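Step one of this worksheet: look at the structure below.
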Amino acid sequence: MKKLLAIAVLFGTLTANAQEEKKEEPKEGWKRSGNISFLFNQSAFNNWLAGGTNNISGTIGLNYDFNYTKGDWTWDNKLIASYGLTKLKGEEMQKTDDRLELNSLLGKKASGYWYYSAFLNFKTQMSSTYVSGEQTSHFFSPAYFQLGPGMLWKKHDNLKVNIAPATSKLIYVHKHLTDLGPAFGVEQNETTRYELGAAINAYYKLDVMKNVSVENILNLYSNYLEDFQNVDIDYTVNVVMKVNKYLSANLSMQAIYDDNAFRGFQTREVFGLGVNYGF
152 MKKLLAIAVL FGTLTANAQE EKKEEPKEGW KRSGNISFLF NQSAFNNWLA
202 GGTNNISGTI GLNYDFNYTK GDWTWDNKLI ASYGLTKLKG EEMQKTDDRL
252 ELNSLLGKKA SGYWYYSAFL NFKTQMSSTY VSGEQTSHFF SPAYFQLGPG
302 MLWKKHDNLK VNIAPATSKL IYVHKHLTDL GPAFGVEQNE TTRYELGAAI
352 NAYYKLDVMK NVSVENILNL YSNYLEDFQN VDIDYTVNVV MKVNKYLSAN
402 LSMQAIYDDN AFRGFQTREV FGLGVNYGF
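Rendered as structure tokens:
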């Protein structure tokens, strides 16, 4: 619970300290926006006495929003995909990033900023992962699904919190991953795990200064059926510092706590000069 409190306080602080932007009332119909980025890093050494290994790495990412508004209805969708590789001299190519996620949130106006809501979250990866020569995961294995009704507090597209106290969660893995034991919370010789719990999903994006934007995505989940006190946490911060229309410095940090997959925090950080295309 201390982890949950710390991240909730951090998210709340970011929200409270930000300057409120003037927002126009949303126009009805579809509103689409997205960004494709490519981060590239390369290091080369020749007779460099301090040491170093030649390496090259690259990460390509997609962040796409397609939202719909009509009358009392709102439907927000976000697609996130990223894939990265690195190559050290004398070693095999290694994967540094692999993410495919879809979030869909439907809301019907209730009162003020509140909506009756239903949400869907799906996430998986795109290629295989090997540890010491053993395959530990691959496309659609594991795959995570969350679905549930709730209440949405939405001030505008860049600030919203969804509370879903009756959320179904399904974890799927290919059978070969559980031949020798449990994997990602799925028991040995099984392919799925079902959970029922409470989910809180929050999104906040702000411009901290000209040409610098910060996007915060926070997902919390607690399973009623087992170890309710253990809260799954997935928190992502994406910082984009624009140089011009096509170039930017991008920083992405993600922290995950899921005791079914790993008893401890998983962290990921990607930073580099990016080539961006907005649409």
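Counting in our numbering, the sequence shown runs from 152 upward without gaps.
C-beta: ideal position from N, C-alpha, C; glycine also.
Note that this is a predicted model, so its numbers are computed, not measured.
Can you list, in chain order, the residues of its chain with a C-beta nearer than 6 angstroms to that of ARG183? Leave out the 5 residues immediately preceding and following it. PHE217
Do GLU346 and LEU371 count as a contact pair if the criterion is CB distance below 8 angstroms? no
Measuring alpha carbon to alpha carbon, tell me which residue in THR247, ASN186 and TRP224 is nearest ASN206. THR247
On the criterion of 16 or more Cβ atoms from any shown chain inside 10 Å, does PRO293 qualify as buried, or is it exposed? buried
With burial defined as no fewer than 16 other Cβ atoms inside 10 Å of the residue's Cβ, what is the status of ARG344: buried or exposed? buried
Going by C-alpha distance, which of TYR234, THR418 and TRP181 is nearest PHE189? TYR234
Between the stretch 376-390 and the stretch 398-409, do three or more beta carbon pairs fall short of 8 angstroms? yes
Which full runs of the beta strand (DSSP E) of 3+ residues lie inside the stretch 231-295, going along the chain? 245-262, 265-275, 280-282 and 285-288
ASP410 to ASN401, Cα distance in whole Å? 29 angstroms
Over the uninterrupted beta strand (DSSP E) stretch that includes ASP385, give me the two end residues. 382-393
Contact check, PRO316 vs ALA349 under 8 angstroms by CB: the rounded distance? 5 angstroms
Just checking ASN272 against the ligand FAD - is the residue's beta carbon closer than 7 angstroms to any of the ligand's heavy atoms? With respect to the ligand FAD, the structure shown offers nothing to examine, as it has no ligands at all.
Hey, could you find the ends of the beta strand (DSSP E) GLU366 is sitting in? 363-374
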